[in-house]
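Those protein sequence lines, which keep their order, are chains A and B.
All the letters of the first sequence, read from the start, carry residue numbers 1 to 322 under this note's numbering.
All the letters of the second sequence, read from the start, carry residue numbers 323 to 644 under this note's numbering.
Protein chains: 2
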Amino acid sequence: MSGRRRTPSPSGSFEIVVEAAWLYYNEGLNQNEIARRLGVSRASVVNYLQEGRERGLIRIRLADEPFLTHSLSLDLQKRFGLKAAYVVPAGSPGDDTATLLRVAKAAGTWLPALLQAGDTIGVAWGRTIHEMAEGMETVPVADCRVVQLTGSMATPYGFTAELCSARLAQRLNARCINLHVPAILSNAALAEALRAEPLIHAQLHALGDCNKAVFAAGSCTAESHIVLSGIASAADIAGYRARGARAVLCGRFVDEAGRHVPGPLDDRMIGITPDRMLGLELGLLVSCGPDKVEPMQAVLRGGYASHIVTDSATAQALLGEG
Amino acid sequence: MSGRRRTPSPSGSFEIVVEAAWLYYNEGLNQNEIARRLGVSRASVVNYLQEGRERGLIRIRLADEPFLTHSLSLDLQKRFGLKAAYVVPAGSPGDDTATLLRVAKAAGTWLPALLQAGDTIGVAWGRTIHEMAEGMETVPVADCRVVQLTGSMATPYGFTAELCSARLAQRLNARCINLHVPAILSNAALAEALRAEPLIHAQLHALGDCNKAVFAAGSCTAESHIVLSGIASAADIAGYRARGARAVLCGRFVDEAGRHVPGPLDDRMIGITPDRMLGLELGLLVSCGPDKVEPMQAVLRGGYASHIVTDSATAQALLGEG
DNA sequence: TGCGGTTTTTGACAAATGTGAAGACACCCT
DNA sequence: AGGGTGTCTTCACATTTGTCAAAAACCGCA
Chain A
1 MSGRRRTPSP SGSFEIVVEA AWLYYNEGLN QNEIARRLGV SRASVVNYLQ
51 EGRERGLIRI RLADEPFLTH SLSLDLQKRF GLKAAYVVPA GSPGDDTATL
101 LRVAKAAGTW LPALLQAGDT IGVAWGRTIH EMAEGMETVP VADCRVVQLT
151 GSMATPYGFT AELCSARLAQ RLNARCINLH VPAILSNAAL AEALRAEPLI
201 HAQLHALGDC NKAVFAAGSC TAESHIVLSG IASAADIAGY RARGARAVLC
251 GRFVDEAGRH VPGPLDDRMI GITPDRMLGL ELGLLVSCGP DKVEPMQAVL
301 RGGYASHIVT DSATAQALLG EG
Chain B
323 MSGRRRTPSP SGSFEIVVEA AWLYYNEGLN QNEIARRLGV SRASVVNYLQ
373 EGRERGLIRI RLADEPFLTH SLSLDLQKRF GLKAAYVVPA GSPGDDTATL
423 LRVAKAAGTW LPALLQAGDT IGVAWGRTIH EMAEGMETVP VADCRVVQLT
473 GSMATPYGFT AELCSARLAQ RLNARCINLH VPAILSNAAL AEALRAEPLI
523 HAQLHALGDC NKAVFAAGSC TAESHIVLSG IASAADIAGY RARGARAVLC
573 GRFVDEAGRH VPGPLDDRMI GITPDRMLGL ELGLLVSCGP DKVEPMQAVL
623 RGGYASHIVT DSATAQALLG EG
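If you want it as structure tokens, here you go:
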């Protein structure tokens, strides 16, 4: 749990680390007894255990059940026709970052249970998704692919669409299929030309192989990610909003019922379209925060999600209105 | 991990337990910080965490990988054509009970990963199997059934075939199909009559639905379980052994190549036969100890197992001879 | 409102765990 | 052989965690 420790290197024999960890976690001995049995000082036992934790030998997690069977979970499930809803406690209200990290963490621990060997998982872009991939443990999924659902974009934050998918792929020991093009081009002709490029074409084609997807709901306001990252201008947003857009899903605008709201940007964008995100085996919506309530509702009504991860305050808000 | 604690009851709100556990295990705060945040004494935090552990909210386990990728594991896998081999460190040599508990524990943590929704799991009888079921955490598997592969028997130990399957079913939240008849009758006619009983017949029929099985290898000697529990006499064993029997699999005798060795007891026994244990999706052999080396080799050669759990000393012995 | 009985919380102490600097050890290079 | 270099271990101390008995809060009931 606590901070860095131990002398540098990866240490000699792993055997003894395993033995110490076994005695400590499986047999419940304390460090003194272990030290005696192994014939080393207790401090060494501390080091072995530390190394075990660092190397991922020791896995500590909270059970999923309490979060899945919470009354808010069941309500969300029923209201929006979901297969399951993971609701984490909101924690300190006001601290949006803390809550976001909780939701991301929860998504990261839950995700492996939702995957199977052979899956192809589409991944969207966003802070939550990024934190999810970053913070999760490595859990190999056999014969698995991760594909990037949207093109790249200028990054006002420290992460990119590539990073989201690459990191997740790494965590799952999956092959990563990136989409090495900008999310938006300055004109439709160029976008069209790029889409026709063999390499890009193949990558876009791979999107059709996705049987599962992980995404967030983006807000459709002047402060949204999509504006800050330069995909759309505040004017664009205003225009879309006037035409009913209430959420952003993988860069595309959708209205309050989750229907795609086409517009001037579509032709210039490269990435998955909403129609292709319907009917997947798994659609995992990972989002939270008061500003995401409206977009989440839109995405949920559109039927894009079969599963959701959020916090209790957001869940309450989702259920409260309408 | 440590001993009993806390005042009796199941405590009021679970919310705060979850919150404390989240802060402690997911966010790495120490108990003082948590106490401050929650506005309670640190002692209360200790109690919440204790309760979380008791209620199964907090799951601590060692990763499977090190045990599956150990060189002995790979050797076993290759030598006996297994899909995977879980080899735990032998620990204190000479202390057979300690090793058996390790193997049982390992089997219990590994098993859920080998199961899927919809499985029907056949379960044999034995100390190892019993300890496995007893010591494992509850991990619900959807739409799952556990069936008892052998009839019941007098119990010189504290457990029965019923208990093995019942407890495992409980751990997996599975339906349990018991076989409420003696494993052995005093004469073939009676056994025949029992087998024809509608209720028993249906239960025996259910054995055919098993797609997975968990079993141990029994030794074929005068000291074996099968003698101590009164199924066979020392004389029976001697006879079978003279005819090549080297192991006991679910109460039936098999030779060094794992072929069924028929004999006088078969007609009087009620339970699965070796031929029906071949070709399952999963055959999990869980055994260890020097006396089990010969029987395990027989069972492995017979192709009954696709997966195995054992300790490193036993693994070495299995590989060493022949 | 006051009173047994019970559950929950807490403060003070005890035990277990974590840390940093110093020491031991092995290995390699000359 | 000698000395440098890096790893691994250990000692002495700091921090964190666990325990117990006593106090506080709670609850139903007269």
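Note that beta-carbon positions come from the ideal geometry of N, C-alpha and C, so glycine has one too.
Remember, it's a predicted structure, so these values are computed and weren't measured experimentally.
- By the CB criterion at 8 Å, B/Arg623 and B/Ala567 fall outside the cutoff.
- Look at B/Ala406 here: in three-state DSSP terms it is strand.
- Taking C-alpha positions only, B/Ala557 is separated from B/Ala406 by approximately 37 Å.
- Per DSSP, the beta bridge partners of B/Lys534 are B/Ile443, B/Leu604.
- Counting C-beta atoms within 10 angstroms of its own C-beta, B/Thr419 has fewer than 16 neighbours from the protein chains shown and is therefore classed as exposed.
- In this chain, the beta strand (DSSP E) harbouring A/Phe253 covers 252-255.
- In the three-state scheme derived from DSSP, where H, G and I count as helix and E and B as strand, B/Ala567 is classed as strand.
- Take the alpha-carbon of B/Val615 and the one of B/Leu640: they are about 6 Å apart.
- Taking 8 Å as the cut-off, the Cβ atoms of B/Ala544 and B/Ile559 count as close.
- The CB of B/Pro411 comes closer than 9 Å to the CB of Glu15, Val18, Glu19, Trp22 in chain A, given here in chain order.
- In summary, B/Asn348 is buried, with 16 or more beta-carbon neighbours lying within 10 Å of its beta-carbon over all protein chains present.
- From the beta-carbon of A/Gly39, no residue of chain B is found nearer than 7 Å; the closest lies around 12 Å away.
- Using a 10 angstroms sphere on the CB of B/Gly403, the tally of other CB atoms stays under 16, which defines it as exposed.
- Contact annotation: in the stretch 378-404 of chain B, residues whose CB is within less than 7 Å of a CB in chain A are Gly378, Leu379, Ile380, Arg381, Ile382, Arg383, Leu384, Ala385, Pro388.
- Think of a sphere of 7 Å around the beta carbon of B/Tyr347: the chain A residues whose beta carbon falls inside it are Ile60, Leu62, in chain order.
- Straight-line spacing of the CA atoms in B/Ala435 and A/Ala305 works out to 26 Å.
- Proximity of A/Lys212 to chain B, defined by a Cβ-Cβ separation below 8 Å, is not satisfied.
- Between the stretch 574-593 of chain B and the stretch 491-509 of chain B there are three or more C-beta pairs closer than 8 Å, enough to call the two in contact.
- Counting only runs of 3 or more residues that sit fully inside the stretch 455-543 of chain B, the beta strand (DSSP E) segments are 467-470, 497-499, 534-537, in chain order.
- Beta-bridge analysis with DSSP links A/Arg127 to no other residue.
- In this structure, the straight-line span from the alpha carbon of A/Gly126 to that of A/Ala161 is close to 7 Å.
- Contact of A/Lys105 with chain B is assigned, a C-beta pair being separated by under 8 Å.
- Pairing B/Val410 with A/Gln31, the inter-Cα distance amounts to about 20 Å.
- A/His307 carries a strand assignment under DSSP once its states are collapsed to helix, strand and coil.
- Contact annotation: the stretch 383-395 of chain B does not touch the stretch 357-371 of chain B, with fewer than three C-beta pairs closer than 8 Å.
- A/Leu318 carries a helical assignment under DSSP once its states are collapsed to helix, strand and coil.
- In the DSSP assignment, A/Leu62 falls within the unbroken beta strand (DSSP E) covering 58-62.
- If you draw a 10 Å sphere on the C-beta of B/Lys400, you find fewer than 16 other C-beta atoms in it, and that means exposed.
- As computed with DSSP, B/Met618 is found in no beta bridge at all.
- Rounded to the nearest whole angstrom, the CA to CA distance from B/Ala455 to A/Thr109 is 26 Å.
- With a 10 Å radius around the Cβ and a threshold of 16 neighbouring Cβ atoms, B/Thr460 comes out exposed.
- DSSP places A/Gly271 within a strand segment (E or B) once states are collapsed to three.
- Rounded to whole angstroms, the gap between the alpha carbons of B/Glu355 and B/Glu603 is 50 Å.
- Look at B/His392 here: in three-state DSSP terms it is coil, with no helix or strand label.
- Bounds of the alpha helix (DSSP H) holding B/Val367 are 364-376.
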